[in-house]
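Q: As given, the protein sequences belong to chains A and B, one line each in that order. The opening residue of the first sequence carries number 2 in this note's numbering; numbering runs sequentially from there. The opening residue of the second sequence carries number 464 in this note's numbering; numbering runs sequentially from there. All C-beta atoms in this analysis are idealised placements derived from N, C-alpha and C, irrespective of residue type, glycine included. These numbers come from a predicted model, not from an experiment. My structure is below; once you've seen it, I'll send some questions.
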Amino acid sequence: MHRFANPARFLRTARWLTPALLLAGGVVAGPALTWGLWRAPADWLQGETVRILYIHVPAAWLGMLGWVGIAAASFAEIVWRHPLAGIAARAIAVPGAVFCALCLATGSLWGRPAWGTWWVWDGRLTSMLVLLFLYFGYIALARVAAEAGGGGGRVAAVFGLVGAVNIPIIHYSVLWWHTLHQPPSLTPALLLGAKSPMAPAFLWPLLASALGFTLLFGGVVLMRMRALLAEAQAEARLRRQAFEDAA
Amino acid sequence: MHDTLAQWPFVIATYALGMGGTAALVAQSWWAMRGAERRRDQARGQ
Chain A
2 MHRFANPARF
12 LRTARWLTPA
22 LLLAGGVVAG
32 PALTWGLWRA
42 PADWLQGETV
52 RILYIHVPAA
62 WLGMLGWVGI
72 AAASFAEIVW
82 RHPLAGIAAR
92 AIAVPGAVFC
102 ALCLATGSLW
112 GRPAWGTWWV
122 WDGRLTSMLV
132 LLFLYFGYIA
142 LARVAAEAGG
152 GGGRVAAVFG
162 LVGAVNIPII
172 HYSVLWWHTL
182 HQPPSLTPAL
192 LLGAKSPMAP
202 AFLWPLLASA
212 LGFTLLFGGV
222 VLMRMRALLA
232 EAQAEARLRR
242 QAFEDAA
Chain B
464 MHDTLAQWPF
474 VIATYALGMG
484 GTAALVAQSW
494 WAMRGAERRR
504 DQARGQ
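Encoded structure:
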C-alpha cells in the first residue's frame with residue numbers, strides 16, 4: 002500500500018487498471034444479471050421477487066464495503082499521512098452513497114410484495130438509512146475541507162473512522178433485534194468453506210453479480226481518484242503560475 | 464408473501480434502478496475524470 006502512495010506511481014497503475022476493472026465488471030455483471038433475471042429459478046415462497054436479490058445484495062455489500070474503505074483510507078491519512086489516502090476516501094464516498102441508496106430503494110421494492118410494506122423501522126433498515134446519512138455527512142465535510150484547505154481533511158477522516166461503528170451494527174442487526182429482514186445468507190464463514198443456507202441455484206448468480214458490481218465499483222473509485230488528483234494538480238499549477246506572474 | 468400483487472413490475476423496476484443507477488455513476492465518473500485531466504493538461508500547456 003505504501004508503494005502506491007506516490008501519485009505518479011498510482012497514476013501509472015490506474016491508467017491501465019481503470020478500463021480493465023470496468024471491462025471485467027461489465028463482462029461479469031452483465032451475464033450474472035441475465036442469469037439472475039432469466040435462468041435462475043423462482044423461489045417457492047417469494048416467487049419471482051427473489052430475483053431482486055441479485056441487485057439488492059451487491060448494492061448492500063458495496064454500500065457497506067464503501068464505508069470500510071473510507072475508514073481504512075481515513076486511518077492511513079491520520080496515521081501515515083499518505084498523500085493519496087484522503088483522495089481515496091473522498092473518491093469512495095459518492096459511489097458508496099449511490100449503492101447504499103440503491104440498496105434502500107431496491108429493498109423497499111422487495112419489501113412491498115414480500116412483507117406488504119415499503120418500509121419498516123427495524124434494525125437493519127434503520128441502520129442502513131443511518132449509513133446513507135453518514136455518507137451525506139462525510140461528503141459535505143470532505144467538500145468543505147477541500148475548499149477551505151488546511152487541516153479540515155482530518156475532521157472528515159475522524160468522521161470516517163467513527164462512522165465505521167455502524168458497519169457491525171448493520172451486519173448484526175438482524176441477529177440482535179427482532180426484524181422482518183432475513184438473517185445474513187452470505188457470511189465471512191462462507192469464504193472458509195462453511196455451507197451457505199442458500200441453495201446453489203441462487204448462490205452462484207448472486208456471487209457472480211456481487212463480483213461484477215465490485216469490479217465496477219473499483220473502476221469508478223479509480224476514475225474519481227484520478228479526477229480529484231488531476232484537479233489538485235491543475236490548481237497547484239495555476240497557483241504556481243499566478244505566483245510567478247506576480248513576482 | 465402477498466400473492467395479490469403482480470411480482471414482475473417490482474423485479475423490472477429493481478433491475479432498471481440498479482442498472483440505470485450504476486450506468487449513470489460510471490458515466491458521470493468518466494466525464495468528471497476526462498474533464499479534470501483535460502483541465503490539468505491545459506494548465507500544464509499554459
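1) Who does B:D504 pair with in a DSSP beta bridge?
2) Note down, in chain order, every chain A residue with its Cβ under 9 Å from the Cβ of B:A490.
3) Against chain B, which members of the stretch 158 to 182 of chain A pass a CB distance test of less than 7 Å?
4) Closer than 8 Å is the cut-off here; do at least three beta carbon pairs connect the stretch 57 to 69 of chain A with the stretch 127 to 141 of chain A?
5) Quick check: is the beta carbon of A:T35 nearer than 7 Å to any beta carbon in chain B?
6) So which residues of chain B does A:I56 contact, with C-beta pairs closer than 7 Å?
7) With DSSP as the reference, label A:G26 as helix, strand or coil.
8) Would B:A499 count as contacting chain A if we go by Cβ distances under 7 Å?
9) Report the residue from A:S210, A:S128 and A:P114 whose alpha carbon sits nearest the alpha carbon of A:S174.
10) Answer with yes or no whether the minimum CB distance from B:A486 to chain A is below 7 Å.
11) May I ask which residues mark the beginning and end of the alpha helix (DSSP H) holding A:V222?
12) Is the stretch 71 to 88 of chain A close to the stretch 234 to 246 of chain A, with three or more CB pairs under 8 Å?
13) Pull out every residue of the stretch 96 to 124 of chain A whose Cβ sits closer than 9 Å to any Cβ of chain B, in chain order.
14) Which residues share a DSSP beta bridge with A:D44?
15) Of the choices A:D246, A:E232, A:A106 and A:G220, whose alpha-carbon is the least far from that of A:R16?
A: So, to answer that:
1) Counted from its first residue, the second sequence places residue 504 of chain B at position 41. Its beta-bridge partners do not exist; DSSP assigns none.
2) Locating residue 490 of chain B in the second sequence gives position 27, where the first residue counts as 1. In chain order: nothing, as chain A lies at least about 10 Å away.
3) none
4) yes
5) Counting from 1 along the first sequence, the entry for residue 35 of chain A is found at position 34. Answer no: the Cβ-Cβ gap between A:T35 and chain B never drops below 7 Å.
6) Within the first sequence, residue 56 of chain A is the residue found at index 55, counting from 1. Those are T477, Y478 and G481, listed as they occur along chain B.
7) For this step, residue 26 of chain A is matched to residue 25 along the first sequence. It is helical.
8) Counted from its first residue, the second sequence places residue 499 of chain B at position 36. Yes, because at least one Cβ of chain A sits closer than 7 Å to the Cβ of B:A499.
9) The residue labelled residue 174 of chain A in the question sits at position 173 within the first sequence. Of the candidates A:S210, A:S128 and A:P114, the residue whose Cα lies closest to the Cα of A:S174 is A:S128.
10) Numbered from 1 along the second sequence, position 23 holds the residue referred to as residue 486 of chain B. No, its Cβ sits nowhere closer than 7 Å to a Cβ of chain A.
11) One-based indexing of the first sequence puts residue 222 of chain A at position 221. A:V222 -> alpha helix (DSSP H) spans P201 to A247.
12) no
13) For the stretch 96 to 124 of chain A, residues whose beta-carbon sits nearer than 9 Å to a beta-carbon of chain B comprise P96, V99, F100, A102, L103, A106, T107, L110, W111, R113, P114, A115, W116 and G117.
14) On the first sequence, position 43 is the one that residue 44 of chain A refers to. Answer by DSSP bridge pairing, in chain order: A:G48.
15) Here residue 16 of chain A corresponds to residue number 15 of the first sequence, with the count starting at 1. Minimum Cα distance to A:R16 is reached at A:G220.
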